[in-house]
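So the number in my numbering is just where the residue sits in the sequence shown, counting from 1, plus 11.
Accompanying notes for the structure given below.
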Amino acid sequence: MEVTGTRIAVAVDGPAGSGKSSVSRAAARELGFDYQDTGAAYRALAWLALNRGIDLDREADILTLLPDFDYDIGVDPNHYFVRVGGTPVTREIRDPAVSAVVSRVARIPAVREHLTGLFRSRIADGTRPGIITEGRDITTIVAPDAAVRVLLTASAAARTARRAAELDVSSTEAVGEQLSARDAQDLAVVDFMNAAEGVTTLDSTDLDFDETVAALVALIRAHPGSAALP
């Protein structure tokens, strides 16, 4: 999985509000790589469960969605989209109702196993020189053999301030509570707060967005397999 031909796999983990999605997407755009947002798949499945009236307290009912889960995502960082069964759900999966239940779907081992297969297929197949895949367990479960593995993190205060600015709210207390709750739920499934062996920690607490992107790009370019990149 590390390299398919000359294709470089980059894995990025991190807690909520660390900037995984925006930073990874910008770095992919700069490098001419594909970009894969794995969290979107869990959100899309949660959206589908809500749309079909699935009882989220019944794991068996959720698993009935997997065999025909027709999920598609745009990996071109300039043309991002999410579709389920051909229906555009890029905005819908960010709805608060979906955010409130996505962890209940994502914590199911069979769901994670199924979606991991989808993620690995995206990593292996593509015409661009590389792909940056970001999420919660990318460096340890989805792509443990990726050429570059990074834990992107920041202090709780920095992550809260950034998410509050993103949501355009004046009070950060509620945002901080939401981030803490989200991390606590997801930590029950996978440890994304501590770098595994061989994973580089990129702490962006004292970096602005452009500096964080530049730092990630530098880590990728430092890998021997990146010598042929433009």
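Ideal placement from N, C-alpha and C gives every residue a C-beta, glycine not left out.
Asked                                                                                                                     : Found
Residue burial classification, D45 (beta-carbon count within 10 angstroms, cutoff 16)                                     : buried
Residues that DSSP places opposite D148 in a beta bridge                                                                  : In DSSP, D148 forms no bridge with anything.
Touching by the beta-carbon criterion (3+ pairs, under 8 Å), the stretch 23-41 and the stretch 61-73                      : no
For P88 and R40, believed in contact at Cβ under 8 Å, the rounded distance                                                : 4 Å
Rounded separation between D165 and D72 - CA only                                                                         : It should be pointed out that residue 165 corresponds to Ala in this sequence rather than to Asp. Distance between the alpha carbons of A165 and D72 is about 37 Å.
Given N62 as reference, the closest of V93, E145, T49 and E103 once Cα atoms are compared                                 : E103
Extent of the continuous beta strand (DSSP E) run through L163                                                            : V159 to T164
Span separating the alpha-carbon of R18 from that of I134                                                                 : 9 Å
Ordered list of beta strand (DSSP E) runs contained in the stretch 61-92, each at least 3 residues                        : 82-84
Beta bridge counterpart(s) of T8 as assigned by DSSP                                                                      : With the chain represented from 12 up to 241, any question about residue 8 goes unanswered, as that position is not in the structure.
Buried versus exposed, by CB contacts within 10 Å (16 or more), A168                                                      : exposed
Within 9 Å, strictly: CB atoms of A117 and G141                                                                           : no
Same chain only: Cβ atoms within 8 Å of V100, ignoring 5 sequence neighbours per side                                     : A55, W58, V93 and R94
P23, enclosing alpha helix (DSSP H) - first and last residue                                                              : The sequence as given places Val at residue 23; Pro does not occur at that position. V23 -> not in any alpha helix (DSSP H); beta strand (DSSP E) instead, spanning R18 to D24.
According to DSSP, residues forming a beta bridge with I143                                                               : V21 and Y46
G50 vs G146 beta-carbon contact at 9 Å                                                                                    : yes
For L218, three-class secondary structure by DSSP                                                                         : coil
Cβ-Cβ distance between L240 and V34 below 9 Å                                                                             : no
Cutoff 7 Å; reference E70; Cβ partners in own chain excluding five residues on either side                                : I119
Option nearest L126 by Cα separation, candidates A233, V112 and D148                                                      : D148
For L213: DSSP bridge partner residues                                                                                    : L163
D136 versus D48: straight-line alpha-carbon distance, rounded                                                             : 15 Å
Beta-carbon contacts of S29 that lie in its chain and below 8 Å, excluding the five residues immediately before and after : L163, T164, A165, R170 and S215
Among A108, R131, Y91 and V112, nearest to P259 - alpha-carbon criterion                                                  : There is no way to answer for residue 259, as the model of the chain reaches only from 12 to 241.
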